[in-house]
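**Student:**
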Amino acid sequence: MKQVKRLLLGTLFLSVFALVSCSKDKNDDPDPGGDGRGKKIKYKVTVTDGVIGTVIYGFDDKTTTLTSVSGNSWESNELDIPSGVIRGSVAGNGIGNNTSSKLTTEIFVDGKKVVENTGTGKALMAYSGYDF
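Count the sequence shown with mature numbering (1 follows the signal peptide of the UniProt record, and there is no 0) and you get residues -18 to -1, 1 to 114, in order.
1. Flag this pair as touching only if the segment 37 to 52 and the segment 95 to 104 have three or more C-beta atom pairs under 8 Å; answer yes or no.
2. Can you tell me which of the three DSSP states Gly53 falls into?
3. For Val67 and Ala108, what's the separation of their Cα atoms in angstroms?
4. Rounded to the nearest angstrom, what separates Val72 and Asn54 at their Cα positions?
5. For Gly111 and Leu85, what's the separation of their Cα atoms in angstroms?
6. Can you list, in chain order, the residues of its chain whose CB lies under 7 Å from that of residue 181, leaving out five sequence neighbours each side?
7. Under the three-state reduction of DSSP, which class applies to Asp17: helix, strand or coil?
8. Let me know the beta strand (DSSP E) ranges lying completely inside the segment 58 to 87, each 3 residues or longer, listed in chain order.
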C-alpha cells in the first residue's frame, strides 16, 4: 500500500510537471542560444533494478506523455529543435525492486550529455531540464 501511494504521488508530480511545462515563457529573444541555428536533442530514462512507468518529455509548450512504459531503458529519437526554443525537459517515474534502485533522466544536446539527474528508492522519480 505504501508503494502504491508513492507511485501515485510520483504520477501526480509528473502531471503537475506536464501542466507547468505548457505555459508560455515571455522571453522576447527569438534565439536565446545566440548561435542562430537549430539544435538536436535526445532524452533518455534508465532504471537499475526496477521498471519505468511513465515518461514525459519535450520542449517549451510541446510535451509528450508515455504511460505504461515497460522495461528498464527508454530513449527518444534525436529530435530537431528549431532556433528559439527556450527549454528541453524530461521526467520519469517507476518502481524499484529495493531501496537502492535508481531512475536516471538524461538530456543530450547536439550529441553531448548536458544534464543528468537520479532518484533512488522503491518509488522512483527524476526530472532533468536544460535551458538553451
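Glycine included, each C-beta is placed from N, C-alpha and C at the ideal position.
**Tutor:** Reading it off the structure:
1. no
2. coil
3. 22 Å
4. 16 Å
5. 15 Å
6. The structure shown has nothing for residue 181, since the chain only spans -18 to 114.
7. Because the pLDDT of Asp17 is 46, which lies under 50, any placement of that residue in the model is unreliable, and the number read from its coordinates should be weighed accordingly. Three-state result, Asp17: coil.
8. 61 to 63, 69 to 78
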